[in-house]
Each structure stands twice: as C-alpha cells, then as structure tokens.
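For the sequence shown, the working numbering gives the first residue as 921, with consecutive numbering after it. Just so you know, even glycine gets a beta-carbon here, dropped at the ideal spot from N, CA and C. Computed from a prediction, not measured in an experiment: that's the story for all the values here.
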Amino acid sequence: MSRKKIVAGNWKMHKTLEESMALTTEIRGMVRDELRGDTQVILIPPFISLAGMARLLEGSAIAIGAQNCHWEDQGAYTGEISAGMIKSTGATYVLIGHSERRMYFGETNEQLAAKTKTVIRHGLKPIFCVGESQQEREDKTYFKVIEKQITEGLFHLDRKEFSSVVIAYEPVWAIGTGLTASPEDAQEIHHLIRKLVANYYNEEIADALSILYGGSVKPENAAQLFAMADIDGGLIGGASLKARDFIEICKAAR
Ligand code: PEP
C-alpha cells in the first residue's frame, strides 16, 4: 500500500520570527538539495511565524501547520486562534490534541473532537495526537486509552472528513525524555490504530491513513522506526529544531 510518508517538525514554543525564518531557509535548502522521493515535510512553528514562513516557502514542497486552534470560528476567546485565521496564513495542517495541550491546558476528547471537525470544515488537515502515559503503559491499559482517544476524538467524522486526517501516536513517556518506544512496541500500537479505523470505517480508508510515530525520534533511530509496516513517518519535537538532524530524519522516511 502506498500511503503518504510524512515527517512533521513540531517546534513547540521555540523560535522568534527571525529565528523561524532562518531555520526555514536552512531546511528549505536541504530539502531541495538532499531529499529524494515524495515524503511530505511539514514545519509546525508558533503561530506568529506561519505567515512569514508561508511566503518563504512559496514554490517549495514543504507544508506548514499550526500547533493548535479553537473550535469556534470567531468570538470572545481572548488569546485563541481560529481555523480560518490559520488557513489565511497559508498553513494546511493543524496539530490537534498534542499531549502537552491535553496535560497542561486540560484539553478533553470532546473539545478535540470539535476542533477536528472545525479544522476539516476549513479545508485544513488535522494531525490528531494520541498516546498513553507511563502509568497507563505500566498498568497495561494503553490499548483502551488509545481506543478511547480515537473513538471520542475522531469517530464523529464521516468517511470523507476522515480521509483528511493524519494520526500521530506519541507515547507521553517518550516525548522529550530521550526514551523511545521500540520499533516493535510502536508498530503494535500503529497496527491497533489501523485496525480500529478499518473496523469503524473500512479497509480502504485505514490503508490510506498515514500514522506517524512521535517521541524522541532522532537521526539514529528514525530508519528502524520508519521501516515498520504501519509507521508512515514521524512527528518530531526536539530534533526538528536542528536542520541537519531534521533532514536526516526526513531522509529516513523513504
Ligand atoms: C513532540 O513534541 O511531538 C515530540 C515527539 O517531541 P520529542 O521529539 O522532543 O520527543
């Protein structure tokens, strides 16, 4: 099955506008000169850099995405950003439900379901994040946790809507910790996710779904992870802030 390979760099709350432009210029050059194949590269900076980066990336195959968005189209929500605003910058993807949003900002599956719907209505593609905590892994409840996140967060979408979804499996214990899930453990969850989608929608939709792994991916471990049958690329945090590391990870997704 030839589904889309994707490597997305989540810059989190790093990089001023000027620094974002410099890193984008560096990555753009490396992608042009070194990346072969059709891996979709996505850069996900803080909101303030989206419009500038979109201009800088005109004519390049690199896409950009936002790290969050509100579920309403507009209104009295001080400090929030809407899907329409994100779309107007030239961004095409939006991260939904990153574990840091769930953990520090109390985002619930219900809110994430609403955000996902809104993002798709605006013609943007959600990268929907799921993953279990350390405790849930130890308690061996991780299958149930992920099933609930996916069922409550995504299964309100109809087939057409779901076809624009990307899922990122990010075990919380592996994010920014240097601990990575083994390729086999990650594959087990990716396979489960694909099965859930096949059971709820159908095989064809499940086969076409890109499922990314995230959690301390580095140039040294990327190829082994991306070689697994159901791992279609990665969502990269720390290593996406260094152009050389990021491009090596992108190359590993071929
Ligand atoms: C992330 O923030 O999505 C992430 C996977 O971070 P890191 O690669 O730093 O673990």
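For ILE962, the closest alpha carbon among the candidates LYS1060, GLU1030, GLY1010, TYR1120 is that of GLY1010.
Per DSSP, the unbroken alpha helix (DSSP H) holding CYS1170 starts and ends at 1163-1172.
Spatial neighbours of LEU1099 in its own chain (CB-CB distance under 7 Å, excluding positions within 5 residues in sequence) are listed in chain order as TRP1093, SER1136. Taking GLY1096 as reference, the option from ILE1040, ASN988, ALA1143, GLY1134 with the minimal CA-CA separation is GLY1134.
The distance from the Cβ of SER969 to that of ARG948 is about 14 Å, inconsistent with a contact at the 8 Å cut-off. Ranked by how close their Cα comes to the Cα of CYS1049, the residues ARG1164, ILE1131, PHE1166 have ILE1131 in first place. Sorting GLY957, ILE1109, GLU1104 by C-alpha distance to the C-alpha of ILE1066 places ILE1109 at the top. In the DSSP assignment, TYR1024 falls outside any beta strand (DSSP E) and within the unbroken alpha helix (DSSP H) covering 1019-1024. If you check the CB distance, TYR1013 and ARG1079 do not come in under 8 Å. Boundaries of the beta strand (DSSP E) around PRO1046: 1045-1050. By the Cβ-count criterion, TYR1089 is buried, with 16 or more other Cβ atoms from all chains shown falling within 10 Å of its own Cβ. Contact check for ALA1173 and PHE1146: beta-carbon distance about 5 Å, within the 8 Å limit, so the pair qualifies.
Within the region 956-1007, the complete beta strand (DSSP E) segments at least 3 residues long are 960-964, 983-986, listed from N- to C-terminus. Sequence-distant partners of GLN1144 (beyond 5 residues in either direction) whose C-beta falls short of 7 Å from its own C-beta, in its chain, are PRO1103. If you ignore the 5 residues before and after LYS935, its C-beta comes within less than 8 Å of the C-beta of LEU943, PRO965, PRO966, SER969, LEU1161, all in its own chain and listed in chain order.
Assignment of beta-bridge partners to GLY1153 by DSSP yields ILE926. Judged by the Cβ position, ILE1156 qualifies as a neighbour of ligand 1 at the 7 Å threshold, a heavy atom of the ligand being closer than this. Short of 8 Å from the beta carbon of ILE1167, and not among the five residues preceding or following it, lie these beta carbons of its own chain, in chain order: ILE947, MET950, VAL951, GLU954, LEU955. Here DSSP, grouped into helix, strand and coil, assigns LEU1015 to strand.
Residue environment for GLU1020: buried (at least 16 other C-beta atoms within 10 angstroms of its C-beta). Beta-bridge partners assigned by DSSP to LEU1132: ALA1088.
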